[in-house]
Amino acid sequence: MNFTAIDFETANRQRHSACSLALTVVRNSQVVDSYYTLLKPDTFFDWRNIQIHGIHETDVADAPNFAQIWPTIAPLFTENQLIVAHNLPFDRGVLQACLDYYDITQPHFQTLCTVQSSRKLLPEIPNHRLNTVCDYLGIPLHQHHNALADSTACANILLSLENQFGTYDLKRLVKHV
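Numbering (the UniProt record's numbering), first residue to last: 1 to 177.
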C-alpha cells in the first residue's frame, strides 16, 4: 500500500489552531519518510489541550504557521494520494480549517480512517482508541499525543490490518474528498 498517515495536535477547540503536525509516508507497505513540525497558531492555548499533548505557547514561539509549511507538504495531498488518520474526521477537519483560515485552496485526495477500519475488522476490541488498537496489535506507541508518534502508530495499524486482512476490505473503506 501507498499512503500518508497524518496527525495534528491543536492549541484549543478551534479546528484551525493546529500546534503540531506529523506525516508518516508509506510506499510499498514500508515506512519511508516522516515529517514533524510544531506550528504557531494565531490563537490562544487552552490548558485542557496542553494537558493532553504537553505543547505550550512558548514551545511554538519561533515555529512556522500552517501557511508557511503547506508548500512543503502539499504534494502529498493530490487526487491519487491516500491520506490516513486515526479518527480521520478530526484530522481532516483540522486540515480543512487550517486551509480555510489561511485562504488556501482545498485539495482533493482519498481518505481512510483507522478507527473505522479497526472497528470493522477488529470488532472484538473493547474500544478503538489509538492506544487500545496499538496494544491489541502489538504496535509500540512511544508517546501518545505526540503527533509523530501518533502518525507512525496509525501507519503501523493500517499496515498490520493490510497484513492480516489484505487490501480488498480496506479499499472498500476509502473515501474521496
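Glycine included, every Cβ here is placed at the ideal spot set by N, Cα and C.
First through last residue of the beta strand (DSSP E) which encompasses residue i
{"i": "alanine 18", "result": "18-27"}
{"i": "isoleucine 83", "result": "82-85"}
Cross-strand partners of residue i (DSSP beta bridge)
{"i": "phenylalanine 90", "result": "The partner list for phenylalanine 90 (beta bridge, DSSP) is empty, contrary to what the question assumes."}
{"i": "tyrosine 136", "result": "Tyrosine 136 pairs with nothing; no bridge assigned."}
{"i": "phenylalanine 77", "result": "DSSP lists no partner for phenylalanine 77."}
{"i": "serine 34", "result": "Thr24"}
{"i": "glutamate 9", "result": "Ser20"}
Under 8 Å between C-beta atoms of residue i and residue j
{"i": "cysteine 98", "j": "isoleucine 55", "result": "no"}
{"i": "valine 84", "j": "alanine 5", "result": "yes"}
{"i": "histidine 142", "j": "valine 115", "result": "no"}
{"i": "isoleucine 69", "j": "threonine 37", "result": "yes"}
For residue i, the first and last residue of its enclosing alpha helix (DSSP H)
{"i": "glutamine 116", "result": "114-121"}
{"i": "isoleucine 52", "result": "47-53"}
{"i": "leucine 170", "result": "168-171"}
{"i": "isoleucine 157", "result": "147-165"}
Burial state of residue i, where buried means 16 or more other Cβ atoms lie within 10 Å
{"i": "aspartate 150", "result": "buried"}
{"i": "isoleucine 52", "result": "exposed"}
{"i": "threonine 10", "result": "buried"}
{"i": "threonine 111", "result": "buried"}
{"i": "proline 41", "result": "buried"}
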